[in-house]
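Read left to right, the sequence shown gives residues 25 to 455 (this note's numbering).
Cβ atoms here follow ideal geometry from the backbone N, Cα and C, with glycine treated the same way.
See structure below.
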Amino acid sequence: MTIRDPNWWRRDKDGPGVWEHRGKVAVAGVGHSPMDRRWDGKSMDTTLGAYAIIAAQKAMAEAGVSPDDIDGVIAYTRLDGAPWAPRPYFAPPYDSEDGLTMVSAEWLVKQLGLKNVKYFNSKAPVIWEEMGLAAQAVGDGLTKNCLMLYQMGNLEGRYLQSGDNASDKAPGNRQWTTPWGAEPGPMQYFGMMFGQYCRKYGASPDMLAPFAVNQRRNGLMVPWGFYSLHEPYQITEKDYLDSRFVQQPVRVLDCDRPVNSAACYLFTTAERARDMKQKPIYILNHCQGSERVRSTMATLAEHEVWADRMARRMWEGSGLGPKDLDVFNPYDGYLQHSQTELEACQWHGVKRGEAADFFAGDIRVEGPHPFLSSGGNNGTGRNRTAMYTDCIEQLRGTAGKRQIQIRCETAMAGSIPPGSGAWIMFGKDPS
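Written as structure tokens, this is what we have:
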């Protein structure tokens, strides 16, 4: 099948209707590599390629499938310039970054000896969109057993310092957002937006303290997470409030830490998943959004409009509503991001301006409002996969100490624009 439109799989328009493959696609296997702070550029057993192989093998083993069963591979490579590359190549025979600081679908197929792959995609978007791509590819019949790989790399002095960010000039709008590299841009954006939020709703920036404490607590219960592996201590609200400002009102403990890791998910048809080792977790919907800002950075008003739009697409496409959602794992790369997602989706009845009171309540996994039970990126490191794995584990009942105590039938994870944004809805039951 030849697909000419690169956006064939996207559900990014209003009024999408119920997803045509609702309950017909499932996740049957999950695999995670070890996670460390950064790759040293030397150890070949800790490259992204080595970690990708580990993650893929674990995903296949968990599902109980063999390499010969795999007929599709989707990988996020950022071939246009990964944020943790380029860097000087190794000496020959290493003449490519593939398998070192990025992993293409073709590289993984070769290394794993996958003989029956008919669908390759090495230009997958960021994970919240990549999830939807994998689900749609299986639903449309392009692949029946698909490995979806996502990696996050971190080389010292290289993270987000490639491409335009490596330039010594900041032309156009970049002069206002990224004059010292890429990271100040997002910090400026989220800091400005969060400041607008606090003024509009009469909140204090300190409202995030209990949220940060709970994120670390949840993250420490993720056995493969960065903090549980390398810095296994709990922070307090005082630690949070005493932490330095990176760019006011963004504190260092608001920010997720770049890490080196890989994760892999096995997407398959619901029919095939029923014969695999794990309990199938079904896909009930996916949706995307890509919004353009009117100026150098988005405002709170724009952010709220986009979040509301994404929520409507998710509810319509899944046939569900806020009261039907049990596990909620929104993106938390900066903690200033999450209250807008929470309020847009009205999870547990939280409406605009009510996030501060919600965070101050019982949001523990043992409590009545187990928000971001994964620990997210803030609690596990910037792997961007914990949110999805937690949704799957919660619905399977295999989340261990993180297992929530309330009803657990549906789960949702993702992120909202600007730029790219996407959500995916999981269900324990296909109907």
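Looking at the DSSP output, K147 sits in a beta bridge with Y100. Per the C-alpha coordinates, the member of W32, T320, V389, W371 positioned closest to A194 is T320. DSSP places F395 outside any alpha helix (DSSP H), giving it a letter other than H or E. Annotation for Q363: the continuous alpha helix (DSSP H) segment containing it runs 362-369. Within the DSSP bridge table, the entry for T292 names A50, N169 as partners. Bounds of the alpha helix (DSSP H) holding V133 are 129-136.
Taking V150 as the centre and dropping the five residues before and after it, the same chain places the C-beta of Y100, S444 closer than 7 Å to its C-beta, in chain order.
In the three-state DSSP reduction, Q81 falls in the helix class (H, G or I). Looking only at P441, I94, A435, G343, the smallest Cα-Cα distance to I416 is reached by A435. Note that the C-beta distance between R35 and G163 is not below 9 Å. Your pair P394 and I428 checks out as a contact, with CB atoms roughly 4 Å apart and the cut at 8 Å.
At the C-beta level, Y358 and D230 stay beyond 9 Å of one another. Contact between the region 335-342 and the region 60-74 is absent: fewer than three C-beta pairs spanning the two stretches fall below 8 Å.
Nearest neighbour of R318 by Cα position, chosen from N402, A331, P442, turns out to be P442.
Remark: C-beta atoms of G391 and G400 do not approach each other more closely than 9 Å. Put simply, the backbone Cα of G421 is about 49 Å away from that of Q199. Annotation for Y251: the continuous alpha helix (DSSP H) segment containing it runs 250-254. By the Cβ criterion, the region 367-381 is not in contact with the region 242-250, since fewer than three pairs of Cβ atoms, one from each stretch, lie closer than 8 Å. If one requires a minimum length of 4 residues, the alpha helix (DSSP H) runs lying completely within the region 256-332 are 261-266, 294-297, in chain order. A distance below 9 Å separates the beta carbons of S362 and A379. Comparing alpha carbon positions, the residue from R268, E180, L136, A158 closest to N145 is A158. Rounded to whole angstroms, the gap between the alpha carbons of D60 and A236 is 21 Å. Here W43 is buried, its C-beta having at least 16 other C-beta atoms within 10 Å. R406 has P282 as its beta-bridge partners, per DSSP. The beta-carbon separation of N407 and L290, rounded to 18 Å, does not stay under the 8 Å limit for a contact. Counting along the chain, the unbroken alpha helix (DSSP H) around G243 starts and ends at 233-243.
Using a Cβ-Cβ distance cut-off of 8 Å, the region 41-57 and the region 250-270 are not in contact, since fewer than three pairs of beta carbons, one from each stretch, lie closer than that value. The C-beta of H327 has 16 or more other C-beta atoms within 10 Å across all chains shown, which makes the residue buried. For P282, same chain residues with a beta-carbon under 6 Å away, outside a window of 5 residues either side, are N178, Y183, R406 in chain order. Here P40 carries a coil assignment [DSSP, helix/strand/coil]. Taking the Cβ atoms as the reference, Q175 lies roughly 7 Å from S285, within the contact range of under 8 Å. In this model, C311 and G451 are separated by some 15 Å (Cα to Cα). When DSSP states are grouped into helix, strand and coil, A74 belongs to the helix group. Short of 8 Å from the beta carbon of V133, and not among the five residues preceding or following it, lie these beta carbons of its own chain, in chain order: V97, V141, F144. Rounded to the nearest whole angstrom, the CA to CA distance from H254 to R62 is 12 Å. Residues I98, A99, Y100, E154, L157 of the same chain have their beta carbon placed closer than 7 Å to that of A148, with the five preceding and five following residues left out of the count.
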